[in-house]
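> Heads up: the sequence lines are chains A and B, in that order.
Every letter in the first sequence is one number past the one before it in the numbering used here, and letter 87, counting from 1, is 181.
Every letter in the second sequence is one number past the one before it in the numbering used here, and letter 236, counting from 1, is 436.
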Amino acid sequence: MTRQLTGSPAAPAKTVPSAQRRGRWSGRTRRDFFVFLALALPNLALIAVFTYLPLINNMYYSTLDWTLGSASATVVGLDNYVSFFTSSDAPHVLGTTLIFTVVTVGGSMVLGLLVALALNAKVRGTTFARSAVFAPYVLSGVGVGLVWLFIFDPGYGVLSWLLRGIGQQSPQWINDPQLALVMVIIVYIWKNLGYCAVVYLAGLQGLPKDVMEAASLDGANGFRRFMSMSVPLLSPTTFFLLITTMISSLQAFDLIRIMTPLGNGTNTLIYEAYLQAFGAYNRAGYSATISVVLFAILLIITVLQLRFVERKVHYS
Amino acid sequence: MSTLSPVSPNPASGAGSVKAADGGPELPVRRDKPFSRANLVQTVAGGYIPLIVATLVVVLPLLWMLLSSFKQPGEIVTTDLKILPQSLNLENYQAAMTTVPFARFFLNSLIVTTVGSTVKVILAILTAYALVFVRFPFKNVIFVVILVALMVPPQVSILPNYILIAGIGGKNTLWGIILPGLGTAFGTFLLRQHFKTLPGSILEAAEIDGAGHWRRLWQVVVPVSLPSIATVALVTVVSEWNDYIWPLIITDRPETMTLPVGLTLLQNSEGNGAGWGILMAGAVLVILPILLVFAALQRYIVAGLTQGSVTG
Chain A
95 MTRQLTGSPA APAKTVPSAQ RRGRWSGRTR RDFFVFLALA LPNLALIAVF
145 TYLPLINNMY YSTLDWTLGS ASATVVGLDN YVSFFTSSDA PHVLGTTLIF
195 TVVTVGGSMV LGLLVALALN AKVRGTTFAR SAVFAPYVLS GVGVGLVWLF
245 IFDPGYGVLS WLLRGIGQQS PQWINDPQLA LVMVIIVYIW KNLGYCAVVY
295 LAGLQGLPKD VMEAASLDGA NGFRRFMSMS VPLLSPTTFF LLITTMISSL
345 QAFDLIRIMT PLGNGTNTLI YEAYLQAFGA YNRAGYSATI SVVLFAILLI
395 ITVLQLRFVE RKVHYS
Chain B
201 MSTLSPVSPN PASGAGSVKA ADGGPELPVR RDKPFSRANL VQTVAGGYIP
251 LIVATLVVVL PLLWMLLSSF KQPGEIVTTD LKILPQSLNL ENYQAAMTTV
301 PFARFFLNSL IVTTVGSTVK VILAILTAYA LVFVRFPFKN VIFVVILVAL
351 MVPPQVSILP NYILIAGIGG KNTLWGIILP GLGTAFGTFL LRQHFKTLPG
401 SILEAAEIDG AGHWRRLWQV VVPVSLPSIA TVALVTVVSE WNDYIWPLII
451 TDRPETMTLP VGLTLLQNSE GNGAGWGILM AGAVLVILPI LLVFAALQRY
501 IVAGLTQGSV TG
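Here it is as C-alpha cells:
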C-alpha cells in the first residue's frame, strides 16, 4: 500500500524534468522562441535604435566641436562641458531651469490640491468640473501657447484691457526677460494643474473614511482635519506627483518655444539644447552637451524615486 | 459652448431657491441639518464657488479663443473690448487656409496621427502578448529594458535622431516624422500590466481547442482587453496629434508640416495685432479635434494619463 503510493508519484516526477530538458530547444518551446521574436522584435528594435542609441550618440557628439550640417568635426574631449560650466551659460540656463521647475511643480501641486478639494465637495457638477479642469492637460501646447500669447498681448490682449480698467499699463510680457519667464510659468501651471488635481482627487477619495470621521467626532474642524490628517495621509500621492511633474517640467518645450521663439529669459536646459543646435548657432556638439546634462539630472531624479519607492513599500 | 455655460450658474441658483423655500428661521441652527442657513452658506461658499471658479479659469481662455476666431481685425485692434464677435463669419479660417497651406497641415497631422497610432498600438499589443504569454528566456530583462526606455525623455534624443533620420533621407517626409516615435514603451507597459490580470483559464480553453498564439491573441486576448487597448490608443492619438518638437525639427517645408508646426509658420507671418483672429482660428483647428475626442472618451484618457507611471 505505502510502497504503491510512494512509488506511483515518484515515477512521473522523474520523467517530467527530463522531458523539460529534452524539450528545451525542440517542439513547442522552440516555436515559442521564434514566436516571441516575431512579435516583440520590431518594437524592441525601434526602442533600441531611437531611444537607446541616441543616448550613446549624444555622449559621443558632446565630445565634438561640430557645426550641424558640416561634414567634419573635431574631437575636443570634455571642452564643451568645460565651456558650459565655466561660461555664463551654466548659471543662466541652470538657474532658469531651476526657477521654472520649482515654481511650476510647486504651483501646480498646491493649486492642484486646492482644486482637488473643490472637486471633492459633495455638490452637483463635480464630474463636469473634473473633466473641464483636466482638459488643458491633453491640448496642444502650441495651440494653448498662442491663446495665452493673445491674452497677454500688451496692445490688444484681455489682460491689458483689464489692467487699463484699474488704471495700469500692461507690461511688455515678451520683451522683458523676467516677465517672459513669469508668463510662461503661469501658462504652464494652467495647462498642467488638472493633472495634479485629478491625481490628488483620487488620493482624497482613497483616504480611510473611518479615520476622517473619528477626527471629525473628536472635534477637529475642517482646516485642522485637512492639515493634520489629509496632508500627511496624502504624502504618497504628493511624492508621486512631485516626481512626475518634476520630470515633465524639465522636459517642457512646446509652450516655451511658441511663446518665446528666441528664448528671451526662458532658456531652460531643453530649450537651450534646442536653440544651440536648431536655432541660430548650429552648435551640435554643444547642444549634445546640454542634453547630456539634462539627461543626467533626469536620471538622478528617477534613481532617487526608485530608491524612495522601495523604502516606501515596507510601510504599505 | 452652449454645453459649457449652463452648468456653472445652474447649481448656484438651484441652491438659492432651495434656501428660499425651506427658510432658515428655526431657532437651533445646527450644522448637520441639511437645509439650515449655515449649511447652505457653507455649501455655496465651500462647495460651489471654488468649483465654479476652477471651471471658469479653464473654460474662459478657451472660450475667448473661439470667440476671437470669428472677429474681424477691426474688432481686435481696438481699445474698446467687445466680448462677442459681430457675426459668426469664417473669414479668419479662410485667411488661415490661404496664408499657409492649412488644409495640407491638417491632412499631414491626420496621416501622422492615424498611421503612427495604429502602428504603435499594434506593436504594443504584440509585444505585451509576447511578454506575458509566450515562453522566452530573459523576459524580465527585456521588460526592464522597456521600463527604462519609458523614463528616457524623447527630448534628449532629438539631435541624434535628427542626424540619423536626415542621414537616411527622412527630412521633410511623413515617414521621417512617424518612424522615430514608433517604438512604444508606454503602450507595452500598460498592456502588459493588464494582460497579466487576465485569467489563465480562458487561454487554456483556447489552447485545448487547438488555437495557436495568433488566434489566441486576436480572438481571446484582444477582445477581452478592449478598454485597456482603447486607453493606450487614445493616449497615443493625443500625443501624436500634439507632438511638436520632432516634426518642428525634421520639417522645414510646408508640404510635410503638421498642424502645430504649421501654426508656428502662421505665427511668423501673422505676428502683428491684426493677425490674432487668424491665429485663434488656427489654434481652434489644432485644439478642437482633441477637445472633442476628450469630451467623448475622457474616461479612458484620464485613466491612461494618470496611470501611475511616467508617460513617454
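Even for Gly, the Cβ is constructed at its ideal location relative to N, Cα and C.
Would you call the segment 233-240 of chain A in contact with the segment 323-333 of chain A, where contact means no fewer than 3 C-beta pairs closer than 8 Å?
These segments do not touch.
> Name the chain A residues that come within less than 8 Å of Y293(B), Cβ to Cβ?
The contacting residues do not exist; Y293(B) stays about 15 Å from chain A at best.
> What residues are listed by DSSP as bridge partners for R377(A)?
DSSP output for R377(A) lists T161(A) as bridge partner(s).
> In the DSSP assignment, what are the bridge partners of T255(B)?
Looking at the DSSP assignment, T255(B) forms no beta bridge with any residue, so it has no partner.
> Does the Cβ-Cβ distance between A371(A) and L162(A) come in under 9 Å?
Cβ distance < 9 Å, so A371(A) and L162(A) count as in contact.
> Cβ closer than 9 Å: which chain B residues qualify as neighbours of I352(A)?
In chain order: Y444, P460, L463, T464, Q467.
> Note down, in chain order, every chain B residue with its Cβ under 7 Å from the Cβ of S166(A).
Neighbours of S166(A) on chain B: none; closest Cβ ~14 Å, over 7 Å.
> Which residue wins for smallest C-alpha separation from T220(A), given the options T255(B), V277(B), A495(B)?
The option with the nearest alpha carbon to T220(A) is T255(B).
> In chain order, what residues of the same chain lie with their CB nearer than 6 Å to the CB of T343(A), ignoring the 5 residues before and after it?
The displayed chain sequence assigns Ser, not Thr, to residue 343(A). Once the five neighbours on either side are set aside, the close Cβ partners of S343(A) are T195, T198, V199.
> Is T354(A) helix, strand or coil when you go by DSSP?
Coil.
> Return the chain-ordered ranges of every alpha helix (DSSP H) run that is complete within the segment 259-304 of chain A and spans a minimum of 4 residues.
Listed in chain order, the complete alpha helix (DSSP H) runs (minimum 4 residues) inside the segment 259-304 of chain A are 271-299.
> Using a threshold of 9 Å, state whether the C-beta atoms of A314(A) and G247(B) are closer than that.
No, they are not a contact pair.
> In or out: P353(B) buried (at least 16 other Cβ within 10 Å) or exposed?
Label assigned to P353(B): buried.
> May I ask you to verify whether the segment 461-469 of chain B touches the segment 356-374 of chain A, counting CB pairs closer than 8 Å and requiring at least 3?
Touching, no, given that fewer than three Cβ pairs across the two stretches are closer than 8 Å.
> From the DSSP output, in three-state form, read off V486(B) for me.
If DSSP states are grouped into helix, strand and coil, V486(B) belongs with the helices.
> Cβ of L369(A) less than 9 Å from any chain B Cβ?
Not an interface residue.
> Run through the DSSP bridge pairs and tell me what V169(A) is partnered with.
Bridge partners of V169(A): L158(A).
> If the criterion is Cβ atoms closer than 9 Å, does the pair L364(B) and N152(A) meet it?
No, they are not a contact pair.
> Hey, would you say F244(A) sits closer than 9 Å to F336(B), going by beta carbons?
No, the pair does not count as a contact, with Cβ atoms beyond the cut-off.
> Specify the secondary structure class of D348(A) as computed by DSSP and reduced to three states.
Three-state DSSP puts D348(A) in a helix.
> Per DSSP, what kind of secondary structure is A412(B) in: helix, strand or coil?
In the sequence under discussion, the amino acid at residue 412(B) is Gly, which differs from the Ala named in the question. Three-state result, G412(B): coil.
> What is the DSSP secondary structure of N49(A), reduced to helix, strand or coil?
Outside the shown range of chain A, which is 95 to 410, sits residue 49(A), and nothing can be said about it.
> For the candidate residues W242(A), T180(A), A390(A), V305(A), whose alpha-carbon lies nearest to that of L349(A)?
For the residues W242(A), T180(A), A390(A), V305(A), the minimum Cα distance to L349(A) belongs to W242(A).
> Comparing the C-beta of T261(B) with each C-beta of chain A, is any distance below 9 Å?
Correcting the residue identity first, residue 261(B) is Pro in this sequence and not Thr. Interface residue, yes.
> What is the DSSP secondary structure of S425(B), reduced to helix, strand or coil?
Coil, per DSSP.
> Output yes if chain B places a C-beta closer than 9 Å to the C-beta of L216(A); else output no.
Looking at the sequence itself, residue 216(A) is Lys, so the reference to Leu does not match. Judged by the 9 Å Cβ criterion, K216(A) is in contact with chain B.
> Please say whether L390(B) and S428(B) have beta carbons closer to each other than 9 Å?
In this structure, L390(B) lies closer than 9 Å to S428(B) by Cβ.
> Looking at the C-beta of P355(A), does it have a partner C-beta in chain B at a distance below 9 Å?
Yes, P355(A) counts as interfacial toward chain B.
> Tell me the rounded alpha-carbon separation between V227(A) and S425(B).
If you take the alpha carbons of V227(A) and S425(B), they lie about 29 Å apart.
> Output the boundary residues of the alpha helix (DSSP H) element that contains E275(B).
Residues 273-276.
> For the segment 375-406 of chain B, list every residue whose C-beta sits within 7 Å of some C-beta in chain A, in sequence order.
Correct list: P380, L382, G383, T384, A385, T388.
> Between M480(B) and chain A, is the shortest Cβ-Cβ distance under 9 Å, so that the two count as touching?
So yes, M480(B) belongs to the interface.
> When you compare only the Cα positions, how much space is there between Y155(A) and V187(A)?
Approximately 20 Å between the Cα atoms of the pair.
> For the segment 306-320 of chain A, which residues have a CB atom closer than 7 Å to at least one CB atom of chain B, in sequence order?
Those residues of the segment 306-320 of chain A that come within reach of chain B (Cβ to Cβ, closer than 7 Å) do not exist; the list is empty.
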